[in-house]
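If you read the sequence shown in full-length UniProt numbering, its first letter stands for residue 1, the second for the next number, and so on. In what follows, a structure is listed as structure tokens, so that the remarks can point back to it.
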Amino acid sequence: MVVAKKPQNTLLLWQAWKDDGDMDAKKQLIEHYLPLVDYAVNRMAIGLPKTVSKDDLGSNGVMGLIDAIEKFDYSRGNQFETYASWRIRGAIIDGLRQGDWVPRSVREKAKKVEEAYQLLEQKYMRSVTDAEISSYLNVTEKEFASILQEIAVTTVCSLEDPIREEEAETRLSLLVDEKAKNPDYKVHEFYLKESLIQGIDKLTEKERTVISLFYYEELSLSEIAEVMSLSPSRISQLHSKAILRLRGALAKHKDQLMQN
Numbered sequence: 001m002v003v004a005k006k007p008q009n010t011l012l013l014w015q016a017w018k019d020d021g022d023m024d025a026k027k028q029l030i031e032h033y034l035p036l037v038d039y040a041v042n043r044m045a046i047g048l049p050k051t052v053s054k055d056d057l058g059s060n061g062v063m064g065l066i067d068a069i070e071k072f073d074y075s076r077g078n079q080f081e082t083y084a085s086w087r088i089r090g091a092i093i094d095g096l097r098q099g100d101w102v103p104r105s106v107r108e109k110a111k112k113v114e115e116a117y118q119l120l121e122q123k124y125m126r127s128v129t130d131a132e133i134s135s136y137l138n139v140t141e142k143e144f145a146s147i148l149q150e151i152a153v154t155t156v157c158s159l160e161d162p163i164r165e166e167e168a169e170t171r172l173s174l175l176v177d178e179k180a181k182n183p184d185y186k187v188h189e190f191y192l193k194e195s196l197i198q199g200i201d202k203l204t205e206k207e208r209t210v211i212s213l214f215y216y217e218e219l220s221l222s223e224i225a226e227v228m229s230l231s232p233s234r235i236s237q238l239h240s241k242a243i244l245r246l247r248g249a250l251a252k253h254k255d256q257l258m259q260n
């Protein structure tokens, strides 16, 4: 997480903007927190097609930052950077979706692989192999690896999506602090956390390492490749498989909630 350097007058700027409607204060806040946009753009650009312009990502990110500044309630004492970061990411993702940058055929492949992981791992109650997934999908293991590479760009931000609109808490945040107790803790969030933990337990050692380095240590996929002495494409495949497995775990959690 990038934390913008806070000048001594940041609180005064928030007060001037929120309490007095000072547009100049709002402009200064936008300029002050722009590094959050740069960070999100550089991180999300990993693995995206070269046809996707960083300038376009940045423009959408700035819109997300402005939206965050307009909606943030500084009086509650929450950290703005956390709230703004997922707003920025959300705006960038919305822009990508509106631009239809991922062909429908790729999205359909990602969905089929996700469903395959969900069904087979529920059936066998363990982590399934590439060979088993390939057999289920009626493709060779080489073709499956190619599919993973093709759908890699659809799996980058899955864990960092917010649980609920208007809140900064993400699915990933539920795995971070085992001791924290929130008085507003929801039952379904508890089971969501359990589903994620169970899903991570089913990942292979390499997949868990990639998830840890990418989402917790915030290394890029190329940096992870160096750490693990693997090719960037192999790291991308491991990341995609891990995310698709976790999506399957979350889908199972959602189905259970609907039955209750």
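Heads up, the beta-carbon is just placed ideally off N, CA and C, and yes, glycines get one too.
Within the segment 43 to 115, no run of beta strand (DSSP E) reaches 3 residues while sitting entirely inside it. Where Y136 is concerned, the enclosing alpha helix (DSSP H) starts and stops at 130 to 137. With contacts defined as CB atoms closer than 8 Å, A45 and L57 qualify as a contacting pair. Excluding five sequence positions before and after S240, the CB atoms of its chain that fall closer than 7 Å to its own CB belong to L148, I151, A152, T155, given in chain order.
Looking only at G61, K202, I197, L250, the smallest Cα-Cα distance to S127 is reached by K202. Y215 and Q79 have their C-alpha atoms spaced approximately 19 Å apart.
For T209, the enclosing alpha helix (DSSP H) stretches over residues 205 to 211. L119 and P232 have their C-alpha atoms roughly 29 Å apart. The beta-carbon distance between L196 and A251, rounded to whole angstroms, is 12 Å. This is too long to meet the 8 Å contact definition. Going by DSSP, L148 is part of the alpha helix (DSSP H) stretching over 141 to 151. Pairwise C-beta distances place the segment 80 to 97 out of contact with the segment 129 to 137, as fewer than three of them are shorter than 8 Å. Contact check for R245 and E70: beta-carbon distance about 37 Å, past the 8 Å limit, so the pair fails to qualify.
Within the same chain, Cβ atoms closer than 6 Å to the Cβ of V41 are found at K54, L57, G58, G61, the five residues on either side in sequence being excluded. Under the three-state reduction of DSSP, G21 is assigned to coil, being neither helix nor strand.
According to the DSSP assignment, M125 belongs to no alpha helix (DSSP H), since it is labelled neither H nor E.
Of the residues assessed, V227 falls on the exposed side of the cut-off, its CB having fewer than 16 other CB atoms within 10 angstroms.
Going by beta carbons, M63 and A91 fall inside the 8 Å limit.
In the three-state reduction of the DSSP assignment, K202 falls in the coil class.
Between Q28 and L13, the gap from beta carbon to beta carbon is short of 8 Å.
Counting other Cβ atoms within 10 Å of its Cβ, R107 stays below 16 and is therefore classed as exposed. Setting aside the 5 residues that flank it on each side, A84 is surrounded in the same chain by Y33, L36, G64, L65, A68, I69, F72, each with a C-beta closer than 8 Å to its C-beta; the list follows chain order. Going by DSSP, L221 is part of the alpha helix (DSSP H) stretching over 221 to 228.
S231 carries a coil assignment under DSSP once its states are collapsed to helix, strand and coil. The DSSP-derived three-state label of E31 is helix. Per the C-alpha coordinates, the member of E223, A225, T204 positioned closest to I243 is T204.
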